[in-house]
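Down below is the structure, laid out as structure tokens.
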Amino acid sequence: MTTPYSNQFRLSITEALSTQLHAALDRLEPAPLTHDNLRALEAQAETLGLPSMSGVYQLYRQEPGRARELTYVGKADQPLPRRLGDHLFKLSGRVGIPIEEISFKCLFVEEDLSSVSPEKMLIKRHLQTGRIVWNNRGFGINDPGRNRDGTVNKSNHFDLEYPIDLSLKASGIKPGRQSLYAVLQAIKSGISFNFRYQRSATFKKRQIDVPTSDMTVDEAFRLVAGHLETGWKISALVGWSIMYKDNDRSYPSAFRYYRPDGISEQIPKTKQPGEDDANDGEEDV
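1584 is the number that this note's numbering gives the last residue of the sequence shown; the numbers go up by one with no jumps.
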């Protein structure tokens, strides 16, 4: 109940913080997501004496002939340059997203704000005024692990729209005769998406001839598959690639299999947004 001379006042700390974070980010101009700009962030943090370099950030995309669009809002408990570098790594290995279209802005936040989830405040605020394209669509950077290899993705999942790019060069591969183990290590370290594989003692013993260092990921996978034992295969899922001795298993999100006896294709399975959500946790962090 109010009177002409009295009323109730509630101070919302979270609302004040949300407003200030949004305003501080709004004053910044997005910069291209490049290694040089991330190194500049590290230098800035060192100058400011920020030991943790944690904070919040926003990613943007500007396609030719279109306005710049906010695509993702996130928080980095780890150093911001490292977190943004993970995004640079991931986006560099995708079909349909030239990395030149991606930019970012960020704020170092040294206070412990984990309990109030600053990125969730920003997400909520942006969702009230417009659309954030990649939040809540599986735009994670961590390997979700073996248990998620069999996940059926929602039809609007990031990985389905922008799958891994097998036509990219597999840098780091050297020509000549070498162990299968060395080739697998070179592929894993030289591509911009995760390649997880089962270990085997035979990989170090088996020698293969690598014809050239100028190979695409697809060509490298074909080469490796031709030297695998029966029962092994490489599976190109829309979000990452795996190699296991599991020839009888199919993966809903796979679009290509590499086996010793040849290559096969499949159309990834999908489900509608909201379907079986209770069993499908997001890997966004």
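Glycine included, C-beta positions come from ideal geometry on N, C-alpha and C.
Everything numeric in this text was worked out from a predicted model, so none of it was measured.
Counting the other CB atoms within 10 Å of its CB gives I1422 a total of 16 or more, which places it among the buried residues.
Shown here, A1500 sits in coil according to DSSP, grouped into three states, outside any helix or strand. Bounds of the beta strand (DSSP E) holding G1373 are 1368-1375. Straight across, the Cα-Cα distance linking Y1496 with Q1506 is about 18 Å.
Beta-bridge partners assigned by DSSP to P1331: S1402. Per DSSP, R1558 is one residue of the beta strand (DSSP E) stretching across 1553-1558. The count of Cβ pairs closer than 8 Å, one atom from the stretch 1313-1321 and one from the stretch 1363-1370, stays below three, leaving the stretches out of contact. In the structure shown, G1561 falls within a strand segment according to DSSP collapsed to helix, strand and coil. Look at Q1477 here: in three-state DSSP terms it is strand.
Apart from sequence neighbours up to five positions away, the residues of its chain that approach L1327 with a beta-carbon distance below 6 Å are K1404, ordered along the chain. The residue from V1372, A1330, P1380 with its alpha-carbon nearest to that of S1351 is P1380. Residue state for D1513 is assigned as coil, using DSSP reduced to three classes.
Of all C-beta pairs linking the stretch 1432-1448 to the stretch 1558-1568, fewer than three are shorter than 8 Å, placing the two stretches out of contact. Counting along the chain, K1389 sits inside the alpha helix (DSSP H) bounded by residues 1379-1390.
Assignment of Q1484 by DSSP, reduced to helix, strand and coil, places it in the helix class. D1547 is not bridged by DSSP to any residue. Cα atoms of I1490 and K1468: separation of roughly 8 Å, rounded to the nearest angstrom. Secondary structure of T1569 (DSSP, three-state): strand. Contact between A1375 and Y1356 holds, since their C-beta atoms are separated by about 7 Å, short of 8 Å. Residue D1517 holds the alpha-carbon nearest to the alpha-carbon of R1555 among K1544, L1527, D1517. Under the three-state reduction of DSSP, S1317 is assigned to helix. Assignment of Q1361 by DSSP, reduced to helix, strand and coil, places it in the coil class. G1437 sits in coil when the DSSP states are folded into three classes, being neither helix nor strand. DSSP, reduced to helix, strand and coil, places N1452 within a strand of the structure shown.
Closest in alpha carbon position to A1481, among A1553, L1347, F1502, is F1502. Taking C-beta atoms under 8 Å as the contact rule, L1369 and I1431 qualify, at a distance of about 6 Å. Look at the beta carbons and you see the stretch 1508-1517 touching the stretch 1472-1480: at least three pairs across the two are nearer than 8 Å. At the C-beta level, L1536 and Y1550 come within 8 Å of one another. The beta carbon of L1337 sits closer than 6 Å to the beta carbons of P1380, L1383, G1384 from its chain, once the five residues preceding and following it are set aside; these are given in chain order.
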